[in-house]
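Residue numbers (the numbering used here), protein chains in the order written: chain A, 96 to 288; chain B, 96 to 288.
Just so it is clear, CB atoms sit at the ideal spot from N, CA and C, and this is done for glycine as well.
It should be emphasised that the depicted structure is a prediction, and the values quoted were computed from it without experimental measurement.
Step one of this worksheet: look at the structure below.
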DNA sequence: ACGGATCTGGAACAAGCGTTACGGTAACGC
DNA sequence: GCGTTACCGTAACGCTTGTTCCAGATCCGT
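Encoded structure:
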């Protein structure tokens, strides 16, 4: 036998590095060498941990979804009135903090790549529909009397609003400040409910 | 003297080709060779018409803004009640037709590139703020009694909603169908007004 | 302590990129 | 009709990219 590698740790470190590079330099700056440099290792290790650049990208994409999903799960488990939970879940999807700003920038990069990459597109669609379903489910607890169609419509409206806010904030943080986003989301919530 | 070139025509044709490539293959597929092939010429002509790949990109970006601005201007000049005009302007910014879908895909590409390209970022911010100002102006004609803060908030909400719809529709046309987008925009309008 | 399997780093490869330079070619004034 | 001049296509360059491969380093079991 011989030394054994820490595969899981490497995957995690490299995904984090991928994320950091993507947030700093965008899709164009995302090269294996840049990721390796950011992770403090060589390109050899990168391609021993992931078979492909593509696989690295997909893993980083999955990580992004897992983080947001875990955050939303925690908010739901945390309790509060249904309205408060819905508001909190929507707020965590916006770009209200520097962390979320970075996430939004990375998200835009993945989205642009997904438009011409079937595997990324499939992941985006799946994750976004899950988010939509989550909002719809929360709406059910808020307004049990509504029919399904009304709920779906309201969920689409809220998701489009919050994703649009995050997107615009990523590109123009000054105009779409945290306050502006909160106000827009608040008004949207009052309107939808 | 000798033959003289049709510089303006070339710029237009090449910008259109840039657009087409961007819509089909995304940012990663946007190469000078691909643009030249799509325009039916050689890469030499491309770089005789534009000094740089960057200049070509910026020109295509400006073209995108000019198109949408011209459309919005025409809708405003076309007449109708203030509410109808506002609704029409918002609808033309969504992804309700195949043409708008393509535009939305291209727009996402430019946006992602803008996150790490100052010149593109500056253009995005300028154009988006112009759109915001337009919506705010239309809101003024609809609801003259409102104070400026209320108007700005409503404009941010509507713009985030319509841009979010276009974005999500570009990535998942099935879920965010034209009907779903129209319903979300309609509800948002009713809510904001 | 040591053998040996296993992992990692770095060099090397082909492919594709943006860009440049040059030669042929087509049009205009005379 | 012809020389001159501007324009365009082609081929090449240097560079960076993703990927491969091998030699050296590293650690485990005995």
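Among B:130, B:106 and B:284, which one has its Cα closest to the Cα of residue 279 of chain A?
Residue B:284 is the option with its Cα nearest to residue 279 of chain A.
Under a three-way DSSP split, which group does residue 314 of chain A fall into?
For residue 314 of chain A there is no data in the structure shown, the boundaries of chain A being 96 and 288.
Could you list which residues in chain A have their beta carbon closer than 8 Å to that of residue 258 of chain B, in chain order?
Simply 259, 262 and 263.
Can you list the residues of chain B that residue 160 of chain A reaches, using a CB-CB cut of under 8 Å?
Ordered by position in chain B, no residue passes the 8 Å Cβ test against residue 160 of chain A, which lies about 14 Å from the chain.
Hey, how far is the Cα of residue 148 of chain B from the Cα of residue 128 of chain B?
Residue 148 of chain B and residue 128 of chain B: Cα-Cα distance of roughly 11 Å.
Chain A partners of residue 270 of chain B, CB-CB under 9 Å?
Under the 9 Å cutoff, chain A gives 220, 223, 224, 227 and 251.
Give the straight-line distance between the Cα atoms of residue 191 of chain A and residue 202 of chain A, rounded to the nearest whole angstrom.
Between the alpha carbons of residue 191 of chain A and residue 202 of chain A lies a gap of roughly 15 Å.
Please report the distance separating the alpha-carbon of residue 249 of chain B from that of residue 109 of chain B.
Rounded to the nearest angstrom, the gap between the Cα atoms of residue 249 of chain B and residue 109 of chain B is 38 Å.
What are the start and end residues of the alpha helix (DSSP H) that includes residue 260 of chain B?
For residue 260 of chain B, the enclosing alpha helix (DSSP H) has its first and last residue at 243-266.
Looking at the unbroken alpha helix (DSSP H) that takes in residue 146 of chain B, where does it start and where does it end?
According to the DSSP assignment, residue 146 of chain B belongs to no alpha helix (DSSP H), since it is labelled neither H nor E.
Do we get a CB-CB distance below 8 Å when we pair residue 102 of chain A with the residues of chain B?
Taking Cβ atoms only, chain B never reaches closer than 8 Å to residue 102 of chain A, which makes this a no.
Identify whether residue 168 of chain A lies in helix, strand or coil by the three-state DSSP scheme.
In this structure, residue 168 of chain A counts as helix in the three-state DSSP scheme.
CA nearest to the CA of residue 199 of chain B, picked from A:210, A:161, A:200 and A:197:
Residue 199 of chain B has its Cα closest to that of A:210, out of A:210, A:161, A:200 and A:197.
Three Cβ pairs or more, each shorter than 8 Å: is that satisfied between the segment 220-235 of chain B and the segment 247-262 of chain B?
Using a C-beta cut-off of 8 Å, the segment 220-235 of chain B makes contact with the segment 247-262 of chain B, since at least three inter-stretch Cβ pairs fall below that distance.
Considering residue 110 of chain A, what are the terminal residues of the alpha helix (DSSP H) in which it resides?
Taken as a continuous stretch (DSSP letters only), the alpha helix (DSSP H) holding residue 110 of chain A covers 102-120.
8 Å Cβ cutoff, residue 209 of chain A in contact with chain B:
The Cβ of residue 209 of chain A sits closer than 8 Å to at least one Cβ of chain B.
Whole-Å CB distance - residue 276 of chain A paired with residue 264 of chain A, under 8 Å assumed:
Sure, about 6 Å apart at Cβ, within 8 Å.
Classify residue 243 of chain B: buried if its beta carbon has 16 or more other beta carbons within 10 angstroms, exposed otherwise.
By the neighbour-count rule (16 or more Cβ atoms within 10 Å), residue 243 of chain B is not buried but exposed.
Determine the direct distance from the alpha carbon of residue 139 of chain A to that of residue 170 of chain A, and round the result to whole angstroms.
Approximately 40 Å between the Cα atoms of the pair.
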